[in-house]
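Chains A and B, in that order, give the protein sequences. Everything in the first sequence is counted per this note's numbering, starting at 1 for the first residue and increasing by one. Everything in the second sequence is counted per this note's numbering, starting at 427 for the first residue and increasing by one. A short worksheet on the structure shown next.
Number of protein chains: 2
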Amino acid sequence: MPPVRTAAILAVGSELLTPHRLDTNSLFLSGRLNDIGIDVVSKSVVGDNELALAAAIRHALDAEDLVVTTGGLGPTADDLTREVVAQILGLELVENAEVLESIRRRFERRALHMPDGNRRQAAVPKGAVVLPNPNGTAPGLWIDAGKAILVLLPGPPREMQPMFEADVLPRLLERSGGRRVVRRVVKIAGRPESHVEEIANPIYSPFATADTPIETTILATPGQIELHLSARGSDVAAMERTLESAVEKLAKALAPAVFSVDGKSLEQVVGQQLQARGWKVAVAESCTGGLLGGRLTDVSGSSAWFAGGIVAYENEVKQQLLGVAADVLERHGAVSEPTAVAMADGVRERLAADAGVAITGIAGPTGGTPEKPVGTVVIAVSAGPAVVRTYRFVGDRAMVRQQAVTAAMELLRQTLASQPQQTASR
Amino acid sequence: MPPVRTAAILAVGSELLTPHRLDTNSLFLSGRLNDIGIDVVSKSVVGDNELALAAAIRHALDAEDLVVTTGGLGPTADDLTREVVAQILGLELVENAEVLESIRRRFERRALHMPDGNRRQAAVPKGAVVLPNPNGTAPGLWIDAGKAILVLLPGPPREMQPMFEADVLPRLLERSGGRRVVRRVVKIAGRPESHVEEIANPIYSPFATADTPIETTILATPGQIELHLSARGSDVAAMERTLESAVEKLAKALAPAVFSVDGKSLEQVVGQQLQARGWKVAVAESCTGGLLGGRLTDVSGSSAWFAGGIVAYENEVKQQLLGVAADVLERHGAVSEPTAVAMADGVRERLAADAGVAITGIAGPTGGTPEKPVGTVVIAVSAGPAVVRTYRFVGDRAMVRQQAVTAAMELLRQTLASQPQQTASR
């Protein structure tokens, strides 16, 4: 058995060719295949069209060691993958009694009669291994096509993913030639990508040519950068040691902007900091309209450390509900450091919380001035003496708001990290 | 010139084969090609690999009338599209003085010296039409490859999209054989997909076989359904009449759940309703943590009709900031109709707004009880006598929260729509 090194992924379904839908199964499959050292060399989408599908599968089988298809195994006339594969490989389709019985039972359990169309799902190309589908009617198929392996999986992720884990991964592991991939992720907030690259590059580039080489990918979202490090080889312990050493060096060089090296999100990290202190946080938001509260409460269990918030879009609300003094607003404006501090102090006090975070800014596209252009955002954290910073974010309204939320969470994290752990003083 | 009927889209770049990135350019291209009656038959992603790229382009040119590539036109050694295309089509690459000059000027305008790598971007396969790139250094290329047309576009959307609009679309229109596509979108909130399909199907299925046939696609996101109707042909006036008639019938049958037939989002529709009345809305949120305020303020100019909000995660906050009576919370619980009404009334009053909207619920995964399982959400609108409804949403925490936000906006919309327009009574 030659080892499997390269793969093509083929998503089947006309709906995936419309302007509204993307094939996202390939993200899961690429990740899992990479994990066992298999390179994904191409990804394609092809509609429910016999000739196009046949050509695409043939092309992929010629080019790679492994071809994984998703979709087109359903009961309707549109679903052609099984038949096309049997045809191009010259395999007879035989009705499999066991598969038919399991589909029938699935309908019976719901007190339904099996429609005729579903009978087609029991047709198995001669020599194929049937991959059971506990979450749907369409079984998967594993076909040794000589030079390459062809795996047919159902399209719905909740059927495809468990099937891949249970019945495809173990078979591929036998064929992967013992290669493994180990990964680590370093997450950084509040630094531009170019800045991270400038610092990180001299650190990780020597690792690219080391005995245990490390590959690095930079992923940027508004306000946040992730460095994905991966090592590929057969000596897992050596790969883990090398990665650990690289992660340590990166975390040190990029401190204090590194908020996680263990996969945790910023909201999880902040939640843990607050919980460790027995603290609750409250938020006062202007231009983000509630998105900071929304993100903090993305985490289940956030009620343990999130008190609530005040969205103060109008100046009257800033005065009445947050206690911002009218003369502060008048002298400095709604987007100013004194206002942000007053908002953070105010929300902390009014909600009887241990920490207060405030965001006020100009998300755009209108409302900018020469001194305070669109993208100007002021963030304050009140937990002891207030910490306040002014930012100039670039991008459209949505990007400015996203960056503001991430920056506020990062300023809260750094403020909490720089203070000795203590119990609430409220 | 034979008309162009079918297309393949090919995205080039190894980063698009990782588990982190999807090719989204194809969504834009599919939409625009469909608009002029060209069917996208396949989409592929291929890495920065000479052989794989050559095989993929050859395969696509054999199969379709038009092949559009995105990416791989940059200045680095990884960028291979131009060279590979010249090779497989047997075309000589010639440095184009005009292109070189325009790249050089681009650097000069920024007081930068042109790096050597960028010189490659001026190489043009003999006979190709150069498509100018006002937003970057890589020009696009239009190549008549005999049986098929090959169009090479840069990868960054802000370079690719304007180039497509200015220089590709007009050329394709000359080759599209006069076919056009006209579209309409009907947007519906708060109805399950199966319910919409049951009502809509008898209405639009006769149109599928009419003289001017209509194709229909249903797109579902949590809490919201979109019906996309499109007609394809050469008689634009007839297509518009047919679509108008279908949209009217659907809007009538699905009323009052249809919130837009002109492309507007729910937040835009609600904003317009409020502005027409000179009203401001305030929100009180519990389980959504600020997401309703966040979504309402997605729209630029929302300060004209959004006052602010209170995120009342803790019961103390519900009492102190929203004035919810302790005995209401005690007798009925935080997730109850009386509490929701008190929250909506409270936020309306405290923020001196004309309308108040409240959300309280159990987003999960924990916190459910037999009487109030995870997914139970109560929404109240206070604008005159309070309107309140209890929902049971299905899905994970993020899905429950999204559906709650959409349902709250829809309940606000219906409440406003059912009231005569009047000026604020505050």
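Where a beta carbon is used, it is the ideal one built from N, C-alpha and C, also for glycine.
- In the three-state DSSP reduction, residue 278/A falls in the coil class, being neither helix nor strand.
- Going by C-alpha positions, residue 732/B is about 42 Å away from residue 664/B.
- Selection 100/A, 278/A, 208/A, 309/A evaluated against residue 742/B yields 309/A as nearest (Cα-Cα).
- Minimum Cα-Cα distance from residue 616/B among the listed residues 830/B, 842/B, 844/B corresponds to 830/B.
- The stretch 66-77 of chain A makes contact with the stretch 135-153 of chain A: 3 or more CB pairs, one atom from each, lie closer than 8 Å.
- If only complete runs of 4 or more residues are kept, the stretch 200-276 of chain A shows the alpha helix (DSSP H) at 236-254, in order along the chain.
- Residue pairing by DSSP places residue 469/B opposite 45/A, 435/B in a beta bridge.
- Annotation: the continuous alpha helix (DSSP H) that includes residue 843/B extends over 823-844.
- The secondary-structure analysis by DSSP pairs residue 309/A across a beta bridge with 283/A, 737/B.
- Close CB contacts of residue 836/B within its chain, under the 6 Å cut and outside five residues either way in sequence, are with 615, 616 (chain order).
- Interface flag for residue 817/B against chain A is unset, since no Cβ pair is found closer than 7 Å.
- For residue 466/B, the chain A residues whose C-beta falls within less than 7 Å of its own C-beta are 17, listed in chain order.
- Distance from the CA of residue 764/B to the CA of residue 774/B, rounded to the nearest whole angstrom, comes to 15 Å.
- Residue nearest to residue 479/B within the set 158/A, 59/A, 50/A, 392/A is 59/A (criterion: CA-CA distance).
- Residue 808/B sits in a strand when the DSSP states are folded into three classes.
- Around residue 103/A, no beta-carbon contact reaches into chain B at under 7 Å, the shortest distance being about 22 Å.
- Look at residue 457/B here: in three-state DSSP terms it is helix.
- At a cut-off of 7 Å between beta-carbon atoms, residue 20/A makes contact with chain B.
- Taking a beta-carbon distance threshold of 7 Å, residue 796/B does not count as an interface residue toward chain A.
- The beta carbon of residue 299/A is closer than 7 Å to those of 267, 268, 271 in its chain, skipping five residues each way along the sequence.
- In this structure, the alpha-carbon of residue 737/B lies about 9 Å from that of residue 713/B.
- Using a CB distance below 8 Å, the part of the stretch 45-72 of chain A facing chain B consists of 45, 46, 47, 49, 52, 55, 56, 59, 63, ordered along the chain.
- With respect to residue 223/A, residue 406/A sits close: the two C-beta atoms are nearer than 7 Å.
- Shortest Cα-Cα distance from residue 746/B to any of 820/B, 768/B, 788/B involves 768/B.
- Taking all protein chains in view, the Cβ of residue 25/A is crowded by 16 or more other Cβ atoms within 10 Å, so the residue is classified as buried.
- The CB of residue 460/B comes closer than 7 Å to the CB of 19 in chain A, given here in chain order.
- Assignment of residue 361/A by DSSP, reduced to helix, strand and coil, places it in the strand class.
- Between residue 37/A and residue 232/A, the C-beta gap is smaller than 7 Å, which places the two residues in contact.
- Per the C-alpha coordinates, the member of 45/A, 367/A, 111/A, 334/A positioned closest to residue 359/A is 334/A.
- In this structure, the alpha-carbon of residue 12/A lies about 33 Å from that of residue 225/A.
- Residue 719/B is classed as buried because its beta carbon has at least 16 other beta carbons within 10 Å across all chains shown.
- Per the C-alpha coordinates, the member of 297/A, 228/A, 346/A, 66/A positioned closest to residue 446/B is 228/A.
- The beta carbon of residue 300/A sits closer than 7 Å to some beta carbon of chain B.
- By the rule that beta-carbons nearer than 7 Å mark a contact, residue 164/A does not touch chain B.
- Inter-segment contact for the stretch 239-251 of chain A and the stretch 371-381 of chain A is absent: fewer than three beta-carbon pairs are separated by less than 8 Å.
- Membership of residue 554/B in any beta strand (DSSP E) is not indicated, and neither H nor E is assigned to it by DSSP.
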